[in-house]
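First residue of the sequence shown? That's 1 in our numbering, and the numbers climb one at a time after it.
Glycine is no exception: its CB is placed at the ideal position from the N, C-alpha and C atoms.
All of these numbers come straight from a predicted model, not from anything done at the bench.
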Amino acid sequence: IANIDISPYTNVKAIIIYVGKYVTKIETKLELFAEIIYEILLNISNVSPLFSFAIKLINKLLNK
Numbered sequence: 001i002a003n004i005d006i007s008p009y010t011n012v013k014a015i016i017i018y019v020g021k022y023v024t025k026i027e028t029k030l031e032l033f034a035e036i037i038y039e040i041l042l043n044i045s046n047v048s049p050l051f052s053f054a055i056k057l058i059n060k061l062l063n064k
């Protein structure tokens with residue numbers, strides 16, 4: 001779902017608060033993604049690591 005806000009911000013404080021909220025959302029998602037990647041890397045197959053990683057990543061993302 002896209003974050004669409006059509007009302008313009010004219011106050012500097014409001015802009016800083018908006019950017020802060022946006023960055024916080026991104027950091028939270030990146031931390032979650034990093035945790036998922038770390039879990040997968042601990043359990044990938046040595047025979048076909050790229051395929052194993054891709055399948056496990058898809059499964060994890062579909063289950064979240």
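Which residue comes first and which comes last in the alpha helix (DSSP H) that contains residue i?
| i | result |
| --- | --- |
| Asn-59 | 49 to 63 |
Look at the alpha carbon of residue i and the alpha carbon of residue j, and state the distance between them as a whole number of angstroms.
| i | j | result |
| --- | --- | --- |
| Gly-20 | Val-47 | 44 Å |
| Leu-65 | Tyr-22 | As displayed, the chain neither begins before 1 nor continues past 64, which places residue 65 out of reach and without an answer. |
| Leu-82 | Ile-58 | Past the edges of the chain, shown from 1 to 64, lies residue 82, and the structure says nothing about it. |
| Leu-50 | Ala-34 | 17 Å |
| Ala-14 | Ala-54 | 41 Å |
Considering only the beta carbon of each residue, do residue i and residue j sit closer than 8 Å?
| i | j | result |
| --- | --- | --- |
| Lys-60 | Ile-40 | yes |
Quick check on this structure: which residue in the options has the alpha carbon closest to the alpha carbon of residue i?
| i | options | result |
| --- | --- | --- |
| Asn-63 | Glu-27, Pro-49, Ile-36 | Ile-36 |
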